[in-house]
Amino acid sequence: ANQVVPTDVLIDQVWGEEPPDAARNSLQSYVSHLRQALGPGRLEGQSPGYVLHLEPDELDASRFELLVRRARAADGQTDQAARLLREALGLWRGPAFADLAAEDSLAGEIARLDDLRLQALEERIGADIESDQHVDVVGELETLTHEHPLHEGLWGLLILALYRSGRQTD
């Protein structure tokens, strides 16, 4: 979003290492169709490629990251941080780029977003525990520690939530 992507990069991402002879013409056709679908001024040709113009809140990943940053900046205001993190996590509708997960070019971004989601989830649960909602998060933490058995922060939160729920023996 809002960055020029060179034509050669687009061709490589669409067709891989062996693009067809007519790759540039086909790409221009794809861009034309995208322009019609997105409306005027959204997809612009700029040397050496194209740029997609988006506002920061139009891209769900950018909006998610903005909300997480705001939550982290809520210094000491646990309820506000928890609310912002809930809003950020509410934007998720499954794995990052679920329909494009097989694309090698997205592997790094998928891993980065998944890690950021897990961090935000951990921070939201931590804020819930600090707000005396420890009983409400025990089941969620049990599921998360099962899904991420090597994530020590989740185990720490589970132990704290169990302790604060009066379940010290657990």
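Our numbering puts the first residue of the sequence shown at 1446, with every later residue one more than the last.
Ideal Cβ placement from N, Cα and C applies to all residues, glycine included.
Query                                                                                                               : Result
Limits of the alpha helix (DSSP H) - the one that Gln1481 falls within                                              : 1468-1483
Between the CA atoms of Ala1556 and Glu1503 - distance to the nearest angstrom                                      : 21 Å
Leu1497 - partner residues in DSSP beta bridges                                                                     : Leu1488
Beta-bridge partners of Pro1465, as assigned by DSSP                                                                : Answer is none; Pro1465 lacks a bridge partner.
Coil, strand or helix - Val1450 by DSSP                                                                             : strand
Gln1525 versus Glu1592 - alpha carbon distance                                                                      : 28 Å
Proximity below 8 Å, CB of Leu1534 to CB of Arg1569                                                                 : yes
Three-state secondary structure assigned by DSSP to Glu1587                                                         : helix
Close-in-space but distant-in-sequence residues of the same chain around Trp1600 (CB under 6 Å, 5 per side omitted) : Thr1590
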